[in-house]
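Report on the structure given below.
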Amino acid sequence: MTYEHNGASALDYLSCGYGQSRLSFRGPERSLDAPYGVFIGGTETYGKFVARPFPALLEDQTGLTSVNLGVINAGIETVHSDPTVLRIARGAAFVVLQVMGPQYVSNAFYSVHPRRNDRFIRAKPPLVALYPQLDFTEFHFVGHLLSSLRRASPQAFGRVVLECRKAWLTSVIGMIRRVERPVVLLWLPHVAGQTGRAADPFVDEQLLAPLRKRSAGLVQVLPSGAVQDVGTAGMVFGAMEAFAAADLPNPLMHGLIATRLKTVLEDLGMV
119 MTYEHNGASA LDYLSCGYGQ SRLSFRGPER SLDAPYGVFI GGTETYGKFV
169 ARPFPALLED QTGLTSVNLG VINAGIETVH SDPTVLRIAR GAAFVVLQVM
219 GPQYVSNAFY SVHPRRNDRF IRAKPPLVAL YPQLDFTEFH FVGHLLSSLR
269 RASPQAFGRV VLECRKAWLT SVIGMIRRVE RPVVLLWLPH VAGQTGRAAD
319 PFVDEQLLAP LRKRSAGLVQ VLPSGAVQDV GTAGMVFGAM EAFAAADLPN
369 PLMHGLIATR LKTVLEDLGM V
């Protein structure tokens, strides 16, 4: 594993804002006058630790302006009701919407931060009743909460997963309807065994099936053997960020995503 000793501060993300949104997006800020494509997503779309994320690479390949509305630690709840995001998306030639984790959506069991969706805010009475043995004041992040729920009771955890999936699906369908433009869904499934993590129990083909007929297309991109072999080569991060970097797309993966999207968008006549 390699990293830059001068840390991620050496990588200028050119963070920018649009309109009245309180969100910070990956720059540089793009013109919204000419035809453009919009990319909405979380940390992967933002392109943390990489100099040229896939929206920028796709712009290089097609010549069409790419507006990167990726937000670090965002879930669908961060963007689905943001008026500025919706306004920009409605003016786009197309929208690429990353499939972001259902666990990062407020649901019948717990609430997340409205912008930092990885932050756990509070447990609701049904979750307290389901897990009376847990002290929920100890949790500040969704990931920590869910790993503890899974260990405490795998059976009860299954109920939480189902509720997260239900709430997420409602949010994504609502987002697609409000955008009113062709939406291509981008699914970057976690590979079982990568960085020692278990397979993602929240997203699968069954969950995404209802979205196929509501979207222009669904693009699934898995890391190739070459992508996995190079690890974090070409990424810029500090020593304390090595674990986080290993779990995010490297430059080669961003190139693979851009190439796959270009093919699909060309087939759809959007670029």
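In this text, residue positions in the sequence shown follow my numbering: the first is 119, and each later residue adds one.
Note that CB positions come from ideal geometry on N, CA and C, so glycine has one too.
Remember, it's a predicted structure, so these values are computed and weren't measured experimentally.
Can Asn-225 be considered in contact with the ligand NAP, in the sense that its beta carbon sits closer than 7 Å to one or more heavy atoms?
-> With respect to small molecules bound, the structure shown includes none, and the ligand NAP cannot be examined in it.
Could you check the C-alpha separation between Leu-215 and Leu-175 for me, to the nearest Å?
-> 16 Å
Applying the criterion that 16 or more other CB atoms from any shown protein chain within 10 Å of the CB defines a buried residue, is Cys-282 buried or exposed?
-> buried
Can you tell me the Cα-Cα spacing of Val-290 and Val-217, whole angstroms?
-> 9 Å
Applying the criterion that 16 or more other CB atoms from any shown protein chain within 10 Å of the CB defines a buried residue, is Met-293 buried or exposed?
-> buried
Nearest-angstrom Cα distance between Met-388 and Phe-212?
-> 7 Å
Buried or exposed: Glu-298, going by 16 or more other Cβ atoms within 10 Å of its Cβ?
-> exposed
Mind checking Ser-139: buried by the 16 CB within 10 Å criterion, or exposed?
-> buried
Tell me whether Arg-144 sits in a helix, a strand or coil according to DSSP, three-state version.
-> coil
Ala-310 - DSSP class collapsed to helix/strand/coil = Residue confidence is low: Ala-310 scores 43 on pLDDT, short of 50, so the model does not pin down where it sits. No coordinate-derived value is stated.
May I ask you to list the residues that DSSP assigns as paired with Leu-304?
-> Gln-216, Val-337
Exposure of Arg-144, with buried meaning 16 or more beta-carbon neighbours within 10 Å | buried
Leaving out five residues on either side along the sequence, give the residues of the same chain with a beta carbon under 6 Å from the beta carbon of Asp-220.
-> Going by the sequence as given, residue 220 is Pro instead of Asp. Hits under 6 Å: Cys-282, Arg-283, Trp-286, Phe-320.
Whole angstroms is fine: what's the gap from Glu-384's alpha carbon to Gln-179's?
-> 11 Å
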